[in-house]
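Numbering (our numbering), first residue to last: 9 to 366.
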Amino acid sequence: MLDQLKYQPIHSIPESGEITAKSPSNIALVKYWGKKPIQIPTNPSISFTLTNCFTKTSISFKKSNSFSFNFTVKGVAKPSFIPKIESFLDRIKKWCPFLFYYQIDIDTENTFPHSSGIASSASGFSALSLAIVELEQKITGITNENKYLKASFLSRLGSGSASRSLYGPAAIWGHHKNISSTNDHYAIAYHDLHENFKNYQDTILLIDKGTKKVSSTVGHELMHNHPFSKERFLQAHNNLENMISVLQNGDLDKFIEISESEALTLHAMMMTSKPYFILMKQGTLSAIELIWSFRKESNIPLSFTLDAGANVHLLYPLAYKQQVLDFIGSELIVYCENQQYICDEVGSGANIIRASYA
Ligand code: PMV
9 MLDQLKYQPI
19 HSIPESGEIT
29 AKSPSNIALV
39 KYWGKKPIQI
49 PTNPSISFTL
59 TNCFTKTSIS
69 FKKSNSFSFN
79 FTVKGVAKPS
89 FIPKIESFLD
99 RIKKWCPFLF
109 YYQIDIDTEN
119 TFPHSSGIAS
129 SASGFSALSL
139 AIVELEQKIT
149 GITNENKYLK
159 ASFLSRLGSG
169 SASRSLYGPA
179 AIWGHHKNIS
189 STNDHYAIAY
199 HDLHENFKNY
209 QDTILLIDKG
219 TKKVSSTVGH
229 ELMHNHPFSK
239 ERFLQAHNNL
249 ENMISVLQNG
259 DLDKFIEISE
269 SEALTLHAMM
279 MTSKPYFILM
289 KQGTLSAIEL
299 IWSFRKESNI
309 PLSFTLDAGA
319 NVHLLYPLAY
329 KQQVLDFIGS
339 ELIVYCENQQ
349 YICDEVGSGA
359 NIIRASYA
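Now the structure itself:
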């Protein structure tokens, strides 16, 4: 299965160059929570790929006798990110030996505010991985299909959910016995969306912009020896299969049921692990209550999902955008820090913006 990922040089290695890639964040509908070394998920997941929340990453590289790298955010050094990138580069070394002939400058920027509670690891690692594999394509001539597959594979080694950001409108990561081509090593694109889900909206209420109380690494860890993990992993397999039917047949009621239950289960897992955590804030719960009454009163198929934090993602069809924005403005905005929310929607995945070689 991993044969396509091997490095097989056929062309010469460029002396220097610069590659810029762009990759969006994604929001899981069926959540990945729990992993085995190295970044192998304990259950499969599916996400919508986003559009407006993205990372743009440039790598400038110059041939050198010894490898080194530099990391900046919009040109400013960020030493706190270095250990994560170092461990990522170490993990991908075997798969991308060509990278280590260079001195590399990595510069990155996010469209969404830093520390907004929106994880930048998914968009960040997928943008960086795609830029790296673009260079590999120059050296080896791998096909575009294998380029994305390998970029997803490398992204996974940085952050599991990043593997899903490469493709739109949705992506599945993790083996499911009834869904062909699914595997634990890289994500696959999922295209078969009913009309109801085309341009589906995700408006993110920034309830708490503080840094996460529990890192996802620690959170995944807590699923080992968790009293409910076996049932949870089984449930995720069932939910994924049902979610795929829903995405195909456009059943919005069932979509709401599965995605909200997944969000609450993710948080329930955290509340029942040892040690236990509550990552929702009062604003999260108030927003959920209001979403439920709004849906009941208006019959608008507005639902929510959550990541491992307090922010609330509002999911709904494009046709209801104005009504939902009015509802946010009148009832939900009071729960958003600095009245901030982000309007996003389902998108098409990562791409290369620029590549030049010397
Ligand atoms: O990719 P990680 O290790 O940051 O984990 C992400 C986990 C969730 O965002 C909570 C769920 C998911 O599937 O994206």
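Here a beta-carbon is modelled for each residue, glycine too, at the ideal position from N, C-alpha and C.
Since the model is a prediction, treat every value here as computed from it, not as a measurement.
May I ask which residues mark the beginning and end of the alpha helix (DSSP H) holding residue 275? Taking the sequence shown and counting its residues from 1, the one referred to as residue 275 is at position 267. 260-279 is the extent of the alpha helix (DSSP H) around residue 275.
Check whether the Cβ of residue 40 sits closer than 8 Å to any heavy atom of the ligand PMV, and report yes or no. Stepping through the sequence shown from its first residue, residue 40 is reached at position 32. Residue 40: yes, Cβ under 8 Å from the ligand PMV.
Quick check: what's the CA-CA separation for residue 130 versus residue 19? Here residue 130 is taken as the residue at index 122 of the sequence shown, counted from 1. Here residue 19 is taken as the residue at index 11 of the sequence shown, counted from 1. When rounded, the distance between both Cα atoms is 31 Å.
At 3 residues or longer, what runs of the beta strand (DSSP E) sit wholly inside the segment 94-144? 110-118
Does the contact criterion of 3 or more C-beta pairs under 8 Å hold for the segment 334-350 versus the segment 207-216? yes
Reference residue 30, options 98, 358, 366 and 363, closest by Cα: Mapped onto the sequence shown, residue 30 falls at position 22. The shortest Cα separation from residue 30 among 98, 358, 366 and 363 belongs to 358.
Between residue 56 and residue 35, what straight-line distance do the alpha-carbon atoms span, to the nearest angstrom? Here the question's residue 56 lines up with position 48 in the sequence shown. Here the question's residue 35 lines up with position 27 in the sequence shown. Roughly 5 Å separates the two Cα atoms.
Residue 245 versus residue 268 - alpha carbon distance: Locating residue 245 in the sequence shown gives position 237, where the first residue counts as 1. Locating residue 268 in the sequence shown gives position 260, where the first residue counts as 1. Cα to Cα, the separation comes out at about 16 Å.
Quick test of your reading: residue 140 and residue 54, contact by CB under 8 Å. State the CB separation rounded to the nearest angstrom. As a first step, residue 140 is located in the sequence shown; it is residue number 132 there, counting from the start. As a first step, residue 54 is located in the sequence shown; it is residue number 46 there, counting from the start. 25 Å between Cβ atoms; not a contact.
If you run the structure through DSSP and keep just helix, strand and coil, what is residue 87? Here residue 87 corresponds to residue number 79 of the sequence shown, with the count starting at 1. Reduced to three states, the DSSP call for residue 87 is helix.
What's the C-alpha gap between residue 275 and residue 254? For the purposes of this step, residue 275 is taken as the residue at position 267 of the sequence shown. For the purposes of this step, residue 254 is taken as the residue at position 246 of the sequence shown. The alpha-carbon atoms of residue 275 and residue 254 are separated by roughly 23 Å.
Spatial distance of residue 258 from residue 365 (CA atoms): Within the sequence shown, residue 258 is the residue found at index 250, counting from 1. Within the sequence shown, residue 365 is the residue found at index 357, counting from 1. Near 46 Å, if we compare the C-alpha coordinates of residue 365 and residue 258.
DSSP three-state call for residue 78: helix, strand or coil? Here the question's residue 78 lines up with position 70 in the sequence shown. Residue state, collapsed to three classes: strand.
Taking only the alpha-carbon atoms, compute the straight-line gap between residue 353 and residue 207 and give it to the nearest angstrom. Residue 353 sits at position 345 when you count from the first residue of the sequence shown. Residue 207 sits at position 199 when you count from the first residue of the sequence shown. About 6 Å.
Apart from the five residues just before and just after residue 154, which ones in its own chain have a Cβ nearer than 6 Å to its Cβ? As a first step, residue 154 is located in the sequence shown; it is residue number 146 there, counting from the start. Closer than 6 Å at Cβ, skipping near neighbours: 12.
Cα separation between residue 70 and residue 266? Sequence index remark: in the sequence shown, residue 70 carries index 62 (1-based). Sequence index remark: in the sequence shown, residue 266 carries index 258 (1-based). Rounded to the nearest angstrom, the two C-alpha atoms are 49 Å apart.
With 16 other CB atoms within 10 Å as the buried threshold, where does residue 127 fall? Within the sequence shown, numbered from 1, the residue matching residue 127 stands at position 119. With 16 or more Cβ atoms within 10 Å of its Cβ, residue 127 is classed as buried.
Which residues share a DSSP beta bridge with residue 320? In the sequence shown, residue 320 corresponds to position 312, counting from 1. 213 and 314, per the DSSP bridge assignment.
In terms of DSSP beta bridges, what is residue 43 paired with? Taking the sequence shown and counting its residues from 1, the one referred to as residue 43 is at position 35. DSSP output for residue 43 lists 49 as bridge partner(s).
Once DSSP output is grouped into helix, strand and coil, what is the label at residue 254? Taking the sequence shown and counting its residues from 1, one reaches residue 254 at position 246. Note: residue 254 maps to helix in three-state DSSP.
Go to residue 295, then tell me how far its alpha helix (DSSP H) extends in each direction, as first and last residue. For the purposes of this step, residue 295 is taken as the residue at position 287 of the sequence shown. Residues 290-306.
Start and end residues, beta strand (DSSP E) containing residue 28: On the sequence shown, residue 28 is found 20 positions in, with the first residue counted as 1. Looking at the DSSP string, the run of the beta strand (DSSP E) that includes residue 28 is 24-38.
Please classify residue 10: is it buried, with 16 or more other beta-carbons within 10 angstroms of its beta-carbon, or exposed? Taking the sequence shown and counting its residues from 1, one reaches residue 10 at position 2. Classification of residue 10: exposed, given that the 10 Å Cβ count is below 16.
Residue 368: first and last residue of the uninterrupted beta strand (DSSP E) it sits in: Outside the shown range of the chain (9 to 366) lies residue 368, about which nothing can therefore be said.
Could you tell me the distance, in whole angstroms, from the CA atom of residue 204 to the CA atom of residue 41? On the sequence shown, residue 204 is found 196 positions in, with the first residue counted as 1. On the sequence shown, residue 41 is found 33 positions in, with the first residue counted as 1. Going from the Cα of residue 204 to the Cα of residue 41 covers about 28 Å.
Between 74, 144, 82 and 77, which lies nearest to residue 1 when the distance is taken from Cα to Cα? This structure cannot speak to residue 1, because the chain is shown only from 9 to 366.
Quick one: grab the DSSP three-state call for residue 148. For the purposes of this step, residue 148 is identified with residue 140 of the sequence shown, where counting begins at 1. Helix.
So the candidates are 46, 132 and 289; which of them puts its Cα closest to the Cα of residue 117? Locating residue 117 in the sequence shown gives position 109, counting from the first residue. It is 132.
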